[in-house]
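**Student:** If you read the sequence shown in numbering that gives the first Met the number 0, its first letter stands for residue 0, the second for the next number, and so on. The C-beta atom is built at its ideal place from N, Cα and C for all residues, glycine as well.
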Amino acid sequence: MDKILVPIDFSKRSEFACKMASRIAKKSNSTVYLLHMIELPSGIVDMGAGSNFSIPESMLYLRKIRDRILEFKTDFFDESYEVHHAIRFQKPYEGILQYAEKIEADLIVMGSKGHSEFEEILIGSNTEKVVRRAHVPVIVVKKDSKKFRIKNIVFASNFKDDSKKLVFRKFLDFANHFKSEIHLLKVTTPTKFESTHDATEKIENFIREFDLPKFSINIYNDASIEKGILNFSRDLNADLIALSTSGRSGLSHLFSASVTKSLSKKALKPILTIKA
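1. Measure how close the beta-carbons of residue 153 and residue 222 come, nearest whole angstrom, since I'm counting them as under 8 Å.
2. Under a Cβ-count criterion, where at least 16 other Cβ atoms within 10 Å of its own Cβ denotes burial, should residue 182 be classed as buried or exposed?
3. Using a threshold of 9 Å, state whether the C-beta atoms of residue 109 and residue 189 are closer than that.
4. Going by C-alpha to C-alpha distance, which of 15, 174 and 193 sits closest to residue 27?
5. Can you tell me whether residue 272 is helix, strand or coil according to DSSP?
6. Taking 9 Å as the cut-off, decide whether the C-beta atoms of residue 216 and residue 239 are in contact.
7. What are the boundary residues of the beta strand (DSSP E) that residue 185 is part of?
8. So, using beta-carbon positions, are residue 9 and residue 67 closer together than 9 Å?
9. Between residue 161 and residue 135, which are expected to be in contact by the criterion C-beta below 8 Å, what is the C-beta distance as a whole number of angstroms?
10. To the nearest angstrom, how far is it from the Cα of residue 150 to the Cα of residue 171?
11. Quick one, which of 19, 97 and 275 has its alpha-carbon nearest residue 143's?
12. Thinking C-beta only, is residue 21 closer than 9 Å to residue 325?
13. Inspect the CB distances between the region 82-93 and the region 30-38 and report whether three or more fall short of 8 Å.
14. When DSSP labels each residue in this structure, what does residue 276 get in the three-state scheme?
15. Taking Cβ positions, are residue 24 and residue 80 nearer each other than 9 Å?
16. Give the range of the alpha helix (DSSP H) segment to which residue 211 is assigned.
17. In or out: residue 219 buried (at least 16 other Cβ within 10 Å) or exposed?
18. How about residue 140 and residue 130: are their beta carbons less than 9 Å apart?
19. Using three-state DSSP, classify residue 60 as helix, strand or coil.
20. Using DSSP with H/G/I as helix, E/B as strand and the rest coil, what is residue 244?
21. Should residue 244 go down as buried or exposed, given a rule of 16 or more other Cβ atoms within 10 Å for buried?
22. For residue 64, I'd like the list of residues in its chain whose CB is within less than 7 Å of its CB, leaving aside the five on either flank, ordered along the chain.
23. So is residue 125 buried or exposed if we call it buried at 16+ other beta carbons inside 10 Å?
24. Verify whether the separation of the beta carbon atoms of residue 212 and residue 164 is less than 9 Å.
25. Taking the alpha-carbon positions, what's the residue 231 to residue 0 distance?
26. Classify residue 69: buried if its beta carbon has 16 or more other beta carbons within 10 angstroms, exposed otherwise.
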């Protein structure tokens, strides 16, 4: 993790993302890149074009934005690692993805909207679009944690095919930075029942080629896969939930109102997503 990209819009959730990125950067000696996106009205090419924009006003606005970014750098980061910043004029999710490619980011850390439901975190938002399309791991964070640590990570999967192994290898690269204990999780449901023996054997075969640090194998029964992931993570008091996602549907199929309404806000942990 040489380069961490943190998109910011100066909201509280941006502050939470900055705090997490700072802690990760200290552990991994990474360089942090702060990115603020300005979405211009349709038809406007630059801040000096069109009758609605004057060059002096545009320059003043940009100076104010730059000052806010510098405040974020001072408030949430220190001098033990490099912190760069950039302002881009583009649709937020497009600009984030393109800038991530430009700097060859290894990780994106984003704040999220929402109060208690995962739909508000991911579905229909710029965050969800980045999660769905980014080729690098993305951490979604929705609240501050004064005692943030990455000691226990849940990796939830069906442990089926080779594409999941590529995801798992990227996940291990992340977990090894923090010497985390990994809790491998397979959820079984009434409609897709699998015996504990068969499910355990599937996980053991999946991880056979990997050199794992401290880990546990967990088969968890619940009414749905979504509910099993969230309930297990809550019971464990996990620090992070890791999942793989596809480019087609993002994570929307993993979260529903019926799942999240029954869980308190304290159950909502940062989510690390890795594209399969």
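**Tutor:** The relevant details are as follows:
1. Wrong, their Cβ atoms sit about 18 Å apart, outside the cutoff.
2. Answer is buried; the Cβ neighbour count reaches 16.
3. Taking the C-beta atoms as reference points, residue 189 is found no nearer than 9 Å to residue 109.
4. The candidate whose alpha carbon is nearest that of residue 27 is 174.
5. The answer is strand: DSSP assigns residue 272 an E or B state.
6. Not in contact: residue 216 and residue 239 (Cβ atoms no closer than 9 Å).
7. Unbroken beta strand (DSSP E) run through residue 185: 180-187.
8. Less than 9 Å separates the beta-carbon of residue 9 from that of residue 67.
9. That belief does not hold up - the Cβ atoms of residue 161 and residue 135 are roughly 20 Å apart, past 8 Å.
10. Their backbone Cα atoms lie some 13 Å apart in a straight line.
11. When each option's Cα is compared against that of residue 143, the closest is 19.
12. The requested residue 325 is not part of the displayed model; the chain covers only 0 to 275.
13. Yes, they touch.
14. With the chain running from 0 to 275 in the structure shown, residue 276 is simply not present.
15. The answer is yes: Cβ separation under 9 Å.
16. For residue 211, there is no enclosing alpha helix (DSSP H), as DSSP gives it neither H nor E.
17. Residue 219 comes out buried.
18. No, these two residues do not count as a Cβ contact at 9 Å.
19. The three-state reading of DSSP puts residue 60 in helix, counting H, G and I together.
20. Reduced to three states, the DSSP call for residue 244 is strand.
21. Classification of residue 244: buried, given that the 10 Å Cβ count is 16 or more.
22. Cβ neighbours of residue 64 beyond the five flanking positions: 35 and 86.
23. It counts as buried.
24. Cβ atoms of residue 212 and residue 164: not closer than 9 Å.
25. Distance between the alpha carbons of residue 231 and residue 0 is about 28 Å.
26. Counting the other Cβ atoms within 10 Å of the Cβ of residue 69 gives fewer than 16, which makes it exposed.
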